[in-house]
Amino acid sequence: MVTWLRRLTLGALVLGLLAPGRAAAHVRLVRSEPTPHAVLERPPGRVLLVFSGRVVATGTPIEVRDSLGRLVAHGGASLGDTAVVLALPSLPRGAYTVRWGVLSPDGHPIEGTFGFRVAGRAEPEPRGAPAAHAAGPTRPPPGREVVRAVGVGWLASARWFHLLGLITLAGPWLLAALHRRGERPVPGLRAMAGTGIGLLLAAAVWGLLAQATAVGQVTHTGFAEALAALLVGGVWGGLWWARLGATLALLPAVIRWRTPPLAWTALPWLVLLLATAANGHAATTPPVALSIGLQVAHVAAAVAWVGGLLALGLLVLWPSTRYPSLTAQAEAVRRCWPRFSRWALRFVVVLVLAGSVEAWRVAGWPWRWLDHPYGAILLAKTLLFAGTLLAAAFQRFLLLPALARGDDDVRVLARGRVALGFETGLTVAVLALAALLASTPPPERAPAPAAPAAAAWP
């Protein structure tokens, strides 16, 4: 066991040192023509937006409105993988606001606004010409530059329900896999697994509706059009179909439950974990293969650990009429709990190592986490996780020895329920923060290079 831990720890450190890439899941605007807050002598011939990475421009990615809110131009087309351009008509003198919305490579919708002012009327500049020259002192253009991710709360809640479905489904699978021939199966495993399938299907529907709403908002398209675009193409839609297909593939195994589970179910489980891991920052954190591998290990270990805790607490420790007597329930506890505890230690080690390496690659060293909202959420998640480790240590070093000594069944079961309830509650909160992290823009290694301003902003 010690040798295994040493090898795993050394491998994680090597991976982290060889690939210290930062996440780029949420692209950012690095250059625009006109520049934000520019005061121009002549009206521009176009709006050009250049982003830090590949973007998907659908619907109406750019809108330009005058000071009265009237639409003067809208539309736009991709110019390569990282730029969007919109041709403008001849604009009269006045202030204008540009509103744009695109999708980052992992499907997260982002939008932004900035203003510029045309100080005098003239022929528009040629579309290939550089940004217009500055005019003399005049009033500043309207508004501040704003860039934000869209639908973070709704998308995070859908991901949280998805993770709850995963752990509710994984717990019965794990306890069934630890079952030995000739033993009495733990009652209630199929019902709990069926609940997990239901949560996964509900999360799929909720996530699709939330994503379509967010995409429709940033691309200025209707809900139905955004929904159709998600279902028929794109990376996000492909991952959604993969998760849905893997969930439905596991449904027959739940209906015709077997203990231990059938071997073929390993394939849909792998697809489900891969599609979950790829739907987040790992999909665009270079090198992508390493990032997705770390995320799969992290998610799989978390799901197995928390799912096992939930199944152990609800189906083994909780008072239930499923057992003919208290003695039969205590016998199931003495059989299942030590076996799960040995595996739980392995799950926690993988969870900590994979999560630590990925957190460092995305957010940097812990003392800099509070400099960014992503890091603050990551710090809160880490502190809650530390509380779960304390609860796990209490079980391993106090409750399990009491089980081995054959102490009073009623007392041991009561203490076990409290300990597992506390640990499971903390881990569910950790999952909620993990879902929020997946929908929150990570910090950048360096600020975006500033484009030269057309005019000083007073």
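For the sequence shown, position 425 matches number 421 in this note's numbering, and the numbering has no gaps at all. Here a beta-carbon is modelled for each residue, glycine too, at the ideal position from N, C-alpha and C.
Checklist entry - Okay, do the segment 337 to 345 and the segment 360 to 379 touch, 3+ Cβ pairs below 8 Å being the bar? => result no
Checklist entry - Who pairs with residue 204 in a beta bridge, going by DSSP? => result Partner(s): none; residue 204 has no beta bridge.
Checklist entry - Taking one C-beta from the segment 220 to 238 and one from the segment 74 to 90 each time, how about it: are there three or more such pairs within less than 8 Å? => result no
Item to check | Simplified DSSP state of residue 115, which is helix, strand or coil | outcome: coil
Item to check | Bounding residues of the alpha helix (DSSP H) (the contiguous stretch that carries residue 240) | outcome: 231 to 251
Checklist entry - Candidates 365, 171, 70, 382: which alpha carbon is nearest residue 348's? => result 382
Checklist entry - Taking the C-alpha atoms as reference points, what is the distance between residue 288 and residue 273? => result 6 Å
Next on the checklist: Contact between the segment 84 to 104 and the segment 42 to 61 is defined here as three or more beta-carbon pairs at a separation below 8 Å; is this criterion met?
Outcome noted: yes
Item to check | Status (buried if at least 16 other CB within 10 Å, exposed otherwise) for residue 222 | outcome: buried
Checklist entry - If you drop the 5 nearest sequence neighbours on each side, which residues of the same chain put their C-beta closer than 7 Å to that of residue 69? => result 60, 82, 84, 85
Next on the checklist: What residue range does the beta strand (DSSP E) around residue 59 cover?
Outcome noted: 58 to 62
Next on the checklist: Checking 8 Å against the spacing of the C-beta atoms, do residue 32 and residue 40 come in under that value?
Outcome noted: no
Checklist entry - Are residue 166 and residue 303 touching if we call contact CB-CB under 8 Å? => result yes
Checklist entry - Helix, strand or coil for residue 258 per DSSP? => result coil
Item to check | Which residues DSSP lists as bridging residue 321, in chain order | outcome: In the DSSP output, where bridge partners are listed per residue, residue 321 has none listed.
Checklist entry - Which whole-angstrom value is the C-beta distance of residue 211 and residue 105, which I expect to be below 8 Å? => result 5 Å
Next on the checklist: When you measure from the CB of residue 201 to every non-hydrogen atom of the ligand ATP, does any distance come out below 7 Å?
Outcome noted: Among the components of this structure there are no ligands whatsoever, and the ligand ATP is therefore not found.
Next on the checklist: Between residue 151 and residue 207, how many whole angstroms is the CB-CB distance? I'm expecting something under 8 Å.
Outcome noted: 7 Å
Next on the checklist: Under 8 Å: do the segment 317 to 334 and the segment 186 to 202 share three or more Cβ pairs, one atom per stretch?
Outcome noted: no
Next on the checklist: Need the endpoints of the alpha helix (DSSP H) that residue 287 sits in, please.
Outcome noted: 284 to 307
Next on the checklist: Mapping the DSSP letters down to three states, classify residue 17 as helix, strand or coil.
Outcome noted: Bear in mind that the predicted position of residue 17 carries a pLDDT of just 44, short of 50, making it too unreliable to give a figure here.
Checklist entry - Roughly how many whole angstroms lie between the Cα atoms of residue 358 and residue 322? => result 49 Å
Next on the checklist: Considering Cα atoms alone, identify which of 45, 90, 87 is closest to residue 73.
Outcome noted: 45
Checklist entry - What first and last residue would you give for the beta strand (DSSP E) that runs through residue 485? => result This structure gives no information on residue 485, because the portion of the chain shown stretches from -3 to 454.
Checklist entry - Roughly how many angstroms separate the alpha carbons of residue 38 and residue 90, rounded to a whole number? => result 11 Å
Next on the checklist: For a quick check, are the C-beta atoms of residue 268 and residue 242 less than 8 Å apart?
Outcome noted: yes
Checklist entry - When we look at the beta-carbon of residue 320 and count the other beta-carbons within 10 Å, is it buried (16 or more) or exposed? => result exposed
Next on the checklist: Starting from residue 96, trace the beta strand (DSSP E) in both directions and tell me its first and last residue.
Outcome noted: 90 to 99
Next on the checklist: Using only the alpha-carbon positions, how far apart do residue 52 and residue 364 sit?
Outcome noted: 31 Å
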